[in-house]
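In UniProt numbering, the protein residues as written are 1 to 338. Just so it is clear, CB atoms sit at the ideal spot from N, CA and C, and this is done for glycine as well.
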């Protein structure tokens, strides 16, 4: 590192700041340092760095499920982003249970790593004080819970509103929604349902509750069963919005079983942009929530807090990643090359 500093004409501290991707380094200085790194073939010794700083070089990622493709793909993105910063990721599955989530926050096992990226489902507002931990912490998902903790969220309401508007623009007026939500307004289901109902209201359409297919668990099987219940009520449906992609894929299977064509008879859309949706037949229109950006932002915030030696409650930032509609065959989009 001293060799790089001499070649670039900067201090060793500046080289360290560039290597660790810290902010507040000018573009010109960063370019000189990166050029010197390239010329000298310098590579940081992460093990030596962590040993000297009293760190493990590992971070924990705690998510509710690994069976759901969204969380599996998110975990992969976090692992890639962390590796770029010299960190290994320990993944824990909580099942969305409050007791397991509290254990993740307090167990001795957590002390094996330098910080925690945490996606809680079971914690309640009354548990906010439990997040006042003495180590770096970044929250993912809908429940910020504590204003002084870094929080990276997706635009659930905006994404749901946009995909519902997309269905309405296709001339669909009898839109069914598949999934479930917490009536208290917490969680992705509530926010995605809010966006759905807002879009209908703006179009002057009153949602018929008989077109709601409840599914407590968000799986292909529950999506299929919810779709069957809606169709068995004998009320017309010309579009289906699944609160996530696997619910939509389960619903689409039942439409096929009942002899309904997608999208000619019933258009279908989901949320999350899991890879499976690209390869379904027809391919699934969905909301891309910015999974890569969510993962990279969470890792950046956590590593920055680790480098500063800051605990969880040290002036939190809430960042919302904007969603994007991916139009595919299930709503009449063009055929996409797999």
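May I ask you to list the residues that DSSP assigns as paired with residue i?
{"i": "residue 150", "result": "138"}
{"i": "residue 343", "result": "Because the chain spans 1 through 338 in this model, residue 343 falls outside it and cannot be assessed."}
{"i": "residue 242", "result": "178"}
{"i": "residue 318", "result": "151"}
{"i": "residue 252", "result": "Answer is none; residue 252 lacks a bridge partner."}
{"i": "residue 285", "result": "269"}
{"i": "residue 88", "result": "58"}
Below 6 Å CB to CB, which residues in the same chain sit around residue i once its five sequence neighbours on both sides are set aside?
{"i": "residue 273", "result": "286, 288 and 326"}
{"i": "residue 160", "result": "192, 195 and 196"}
{"i": "residue 15", "result": "1, 4, 5 and 33"}
{"i": "residue 322", "result": "155"}
{"i": "residue 85", "result": "303"}
{"i": "residue 184", "result": "Caution applies to residue 184, whose pLDDT of 44 falls short of 50 and renders its modelled position unreliable; the model cannot decide the point."}
{"i": "residue 93", "result": "66"}
{"i": "residue 71", "result": "63 and 65"}
{"i": "residue 122", "result": "96, 97, 98 and 101"}
{"i": "residue 134", "result": "311"}
{"i": "residue 260", "result": "266"}
{"i": "residue 341", "result": "Beyond the ends of the chain as shown, which are 1 and 338, falls residue 341; an answer cannot be given."}
Confirm, please, whether the CB-CB distance from residue j to residue i is below 9 Å.
{"i": "residue 250", "j": "residue 225", "result": "yes"}
{"i": "residue 262", "j": "residue 178", "result": "no"}
{"i": "residue 246", "j": "residue 293", "result": "no"}
{"i": "residue 316", "j": "residue 147", "result": "yes"}
{"i": "residue 60", "j": "residue 116", "result": "yes"}
{"i": "residue 138", "j": "residue 129", "result": "no"}
{"i": "residue 235", "j": "residue 258", "result": "no"}
{"i": "residue 78", "j": "residue 295", "result": "yes"}
{"i": "residue 162", "j": "residue 319", "result": "no"}
{"i": "residue 282", "j": "residue 328", "result": "yes"}
{"i": "residue 132", "j": "residue 311", "result": "yes"}
{"i": "residue 101", "j": "residue 120", "result": "yes"}
{"i": "residue 254", "j": "residue 228", "result": "yes"}
{"i": "residue 176", "j": "residue 213", "result": "yes"}
Considering only C-alpha positions, which residue in the set the options is nearest to residue i?
{"i": "residue 204", "options": "215, 227, 220 and 174", "result": "174"}
{"i": "residue 126", "options": "98, 170 and 113", "result": "98"}
{"i": "residue 271", "options": "310, 32 and 164", "result": "164"}
{"i": "residue 66", "options": "77, 95 and 81", "result": "95"}
{"i": "residue 118", "options": "136, 112 and 108", "result": "136"}
{"i": "residue 73", "options": "87, 318 and 91", "result": "91"}
{"i": "residue 83", "options": "264, 243, 58 and 301", "result": "58"}
{"i": "residue 324", "options": "209, 87, 112 and 269", "result": "269"}
{"i": "residue 22", "options": "108, 299 and 314", "result": "299"}
{"i": "residue 9", "options": "309, 29 and 187", "result": "29"}
{"i": "residue 158", "options": "42, 301 and 198", "result": "198"}
{"i": "residue 409", "options": "18, 107, 108 and 187", "result": "Outside the displayed range of the chain (1 to 338) lies residue 409, so it cannot be described from this structure."}
{"i": "residue 301", "options": "69, 114 and 26", "result": "114"}
{"i": "residue 243", "options": "112, 187 and 291", "result": "187"}
{"i": "residue 69", "options": "252, 87, 218 and 305", "result": "218"}
For residue i, which residues from the same chain have a beta carbon less than 8 Å from its beta carbon, with the 5 sequence-adjacent residues on both sides left out?
{"i": "residue 267", "result": "167, 170, 172, 238, 239, 240, 285, 330, 331 and 332"}
{"i": "residue 7", "result": "36, 39 and 40"}
{"i": "residue 216", "result": "180 and 222"}
{"i": "residue 75", "result": "61, 63, 66, 89 and 91"}
{"i": "residue 206", "result": "200"}
{"i": "residue 80", "result": "295"}
{"i": "residue 265", "result": "238 and 255"}
{"i": "residue 110", "result": "60, 104, 116 and 135"}
{"i": "residue 124", "result": "98"}
The alpha helix (DSSP H) spanning residue i covers which residue range?
{"i": "residue 212", "result": "Residue 212 -> not in any alpha helix (DSSP H); beta strand (DSSP E) instead, spanning 212 to 214."}
{"i": "residue 196", "result": "188 to 202"}
{"i": "residue 163", "result": "156 to 169"}
{"i": "residue 36", "result": "27 to 40"}
{"i": "residue 71", "result": "69 to 84"}
{"i": "residue 8", "result": "2 to 8"}
{"i": "residue 344", "result": "Residue 344 cannot be examined here, being either before or after the span of the chain that is shown, 1 to 338."}
{"i": "residue 227", "result": "220 to 232"}
{"i": "residue 101", "result": "98 to 106"}
{"i": "residue 279", "result": "275 to 279"}
With residue i as the anchor, note down where its beta strand (DSSP E) starts and where it stops.
{"i": "residue 325", "result": "324 to 326"}
{"i": "residue 116", "result": "116 to 118"}
{"i": "residue 295", "result": "Note, residue 295: premise wrong, no beta strand (DSSP E); alpha helix (DSSP H) at 291 to 308."}
Got a sec: is the Cβ-Cβ distance from residue i to anything in chain D below 9 Å?
{"i": "residue 166", "result": "Within the model displayed, chain D is absent; a lone protein chain is all it includes."}
Can residue i be considered in contact with the ligand SAH, in the sense that its beta carbon sits closer than 8 Å to one or more heavy atoms?
{"i": "residue 79", "result": "In the structure on display, the ligand SAH does not appear, and there are no ligands present to speak of."}
Can you find the residues in the same chain that come closer than 7 Å, C-beta to C-beta, to residue i, ignoring five residues on each side of it along the sequence?
{"i": "residue 20", "result": "307"}
{"i": "residue 12", "result": "1, 2 and 5"}
{"i": "residue 208", "result": "235"}
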